[in-house]
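To start, the structure itself, in structure tokens.
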Amino acid sequence: MKEIEKKEKVNITRRPSQTFNFDEKIGEGYFSASYFLKAKHIAEQKRSKQWVTMQFFQKKQAILCGVDEAIALLQRFARNPEGLKIWALNDGDVISPFESVLIVEGFYEDFAYLEGIIDGILSRCTSIATNVRETLNAANGKPIIFMGDRNDYFTLQPTDGYAAYIGGATMQATDAMHQYQGGTGVGTMPHSLIQLFNGNLIQACEAYMQVYPNSPLTALVDYNNDVITDSLKVAKHFGEKLYAVRVDTSANMVDRYFLTHQETFGQEDLRGVNVPLIKQLRHQLDQAGFPWVKIVVSGGFNQQKVQHFEQQNAPVDYYGIGASLLKISIDFTGDCVRLNGKAQAKAGRRYRVNPRLSTVHFYHVFLM
1 MKEIEKKEKV
11 NITRRPSQTF
21 NFDEKIGEGY
31 FSASYFLKAK
41 HIAEQKRSKQ
51 WVTMQFFQKK
61 QAILCGVDEA
71 IALLQRFARN
81 PEGLKIWALN
91 DGDVISPFES
101 VLIVEGFYED
111 FAYLEGIIDG
121 ILSRCTSIAT
131 NVRETLNAAN
141 GKPIIFMGDR
151 NDYFTLQPTD
161 GYAAYIGGAT
171 MQATDAMHQY
181 QGGTGVGTMP
191 HSLIQLFNGN
201 LIQACEAYMQ
211 VYPNSPLTAL
221 VDYNNDVITD
231 SLKVAKHFGE
241 KLYAVRVDTS
251 ANMVDRYFLT
261 HQETFGQEDL
271 RGVNVPLIKQ
281 LRHQLDQAGF
291 PWVKIVVSGG
301 FNQQKVQHFE
311 QQNAPVDYYG
321 IGASLLKISI
331 DFTGDCVRLN
341 GKAQAKAGRR
351 YRVNPRLSTV
361 HFYHVFLM
């Protein structure tokens, strides 16, 4: 049973700590900044048993993600974790600038050295979830295929896939990205498969269907830089067996179609995957009697490019996006804002009450 299913079926509010493959060196301070470790040791020797309130916030409208992991981290590596008091929002909550999303109370030396790690978890996961949600909004609800496998370190795929899922991207490239929410990787075919058949797209598609007869056929049609010709070719050959075509033209290439039709499109940039090409592709497919064939676009898409395509009514059915969704766009900060129940914080920071926070019980995460 995947972790999302556990939350729903067992009726728990947080993902269990067993979900996360934490490195045991976290408890040794290996991943904590030196100054946090020094502060911990000073507190132990000079100011022990000081009860502090630490709150975490960021400065944008965002989709929160990473809270379950941050709580599991605390309850795994804090000293005397059952003695901590924790209040938190939930993964998937919409959050406002400066809103407290996680508040932890306890003795400073017991948990504060984990501050930087928690900041990093929240920053990365919330950034990805927010990037996905904003891009989905730009896409007017059209599905996004999360293709971030080639844009970051591979061991991050389960975490990134979960964050993308929280943001709304349920279709993802690898099995690892589905580790927490269930499902398997989706995809079409790489250019290298066509290369194996000496550039013969029809043969590559036939081989695909023979090996994966129950998988919908999506043909990658930019290998020869002749998207419309090759799309019509595979549509005529496979008929209703063809589910979709994917266009992934390199950003420095101009499709062959425009060599004879460039005057039609004025001064518009015709490099890469562009609106005129996709509109003409849809028109040609419809005219040839293939209105059911979907169009998938990929290659250098971000929120701005998706928004441009939608504003121009580009007939796209799916957007494949990777690197732009992984951009770290949100920075979290953890601040100690109260000392022994009294206000005490750096200038400009204060304790921010948030009635939306819910109490986190130790067993919710640690004992499941």
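Residue numbers (our numbering): 1 to 368.
Just so you know, even glycine gets a beta-carbon here, dropped at the ideal spot from N, CA and C.
Pairwise C-alpha distance: residue j and residue i
{"i": "residue 365", "j": "residue 163", "result": "Low local confidence applies: a pLDDT of 47 at residue 365 is under 50, so the model's placement there is unreliable, and no value is given."}
{"i": "residue 76", "j": "residue 240", "result": "53 Å"}
{"i": "residue 337", "j": "residue 301", "result": "41 Å"}
{"i": "residue 17", "j": "residue 73", "result": "8 Å"}
{"i": "residue 183", "j": "residue 37", "result": "40 Å"}
{"i": "residue 367", "j": "residue 349", "result": "Residue placement at residue 367 is flagged as unreliable, the pLDDT there being 43, under the threshold of 50; the coordinate-derived value follows with that caveat. So the alpha carbons of these two residues sit roughly 35 Å apart."}
{"i": "residue 171", "j": "residue 78", "result": "36 Å"}
{"i": "residue 65", "j": "residue 323", "result": "19 Å"}
{"i": "residue 295", "j": "residue 325", "result": "21 Å"}
{"i": "residue 356", "j": "residue 160", "result": "26 Å"}
{"i": "residue 283", "j": "residue 244", "result": "15 Å"}
{"i": "residue 86", "j": "residue 157", "result": "28 Å"}
{"i": "residue 175", "j": "residue 146", "result": "12 Å"}
{"i": "residue 141", "j": "residue 168", "result": "10 Å"}
{"i": "residue 49", "j": "residue 24", "result": "25 Å"}
Bridge partner(s) assigned by DSSP for residue i
{"i": "residue 457", "result": "Since the first residue of the chain shown is 1 and the last is 368, residue 457 is not available in this structure."}
{"i": "residue 107", "result": "51"}
{"i": "residue 369", "result": "In the structure displayed, the chain extends from 1 to 368; residue 369 sits before or after that span and is not available."}
{"i": "residue 336", "result": "54"}
{"i": "residue 294", "result": "244"}
{"i": "residue 254", "result": "271"}
{"i": "residue 321", "result": "146"}
{"i": "residue 94", "result": "63"}
Local Cβ density within 10 Å of residue i, reported as buried at 16 or more and exposed below that
{"i": "residue 263", "result": "exposed"}
{"i": "residue 54", "result": "buried"}
{"i": "residue 274", "result": "buried"}
{"i": "residue 59", "result": "exposed"}
{"i": "residue 81", "result": "buried"}
{"i": "residue 195", "result": "exposed"}
{"i": "residue 316", "result": "buried"}
{"i": "residue 33", "result": "exposed"}
{"i": "residue 394", "result": "Residue numbering for the chain in the displayed model covers 1 to 368; residue 394 lies beyond these limits and cannot be assessed."}
{"i": "residue 121", "result": "buried"}
{"i": "residue 330", "result": "buried"}
{"i": "residue 165", "result": "buried"}
{"i": "residue 94", "result": "exposed"}
{"i": "residue 199", "result": "exposed"}
{"i": "residue 154", "result": "exposed"}
Sequence-distant residues of its chain with Cβ nearer than 7 Å to residue i (five each side left out)
{"i": "residue 97", "result": "59, 60, 61"}
{"i": "residue 311", "result": "none"}
{"i": "residue 99", "result": "57, 354"}
Cβ neighbours of residue i in the same chain (closer than 8 Å, five flanking residues each side left out)
{"i": "residue 203", "result": "197"}
What beta strand (DSSP E) runs, 3 residues minimum, are completely inside the region 117 to 160? If we require 3 residues or more, the beta strand (DSSP E) runs fully inside the region 117 to 160 come out as 144 to 146.
Tell me the start and end of each unbroken beta strand (DSSP E) in the region 206 to 241 that is at least 3 residues and wholly inside, in chain order. Counting only runs of 3 or more, we get 217 to 220.
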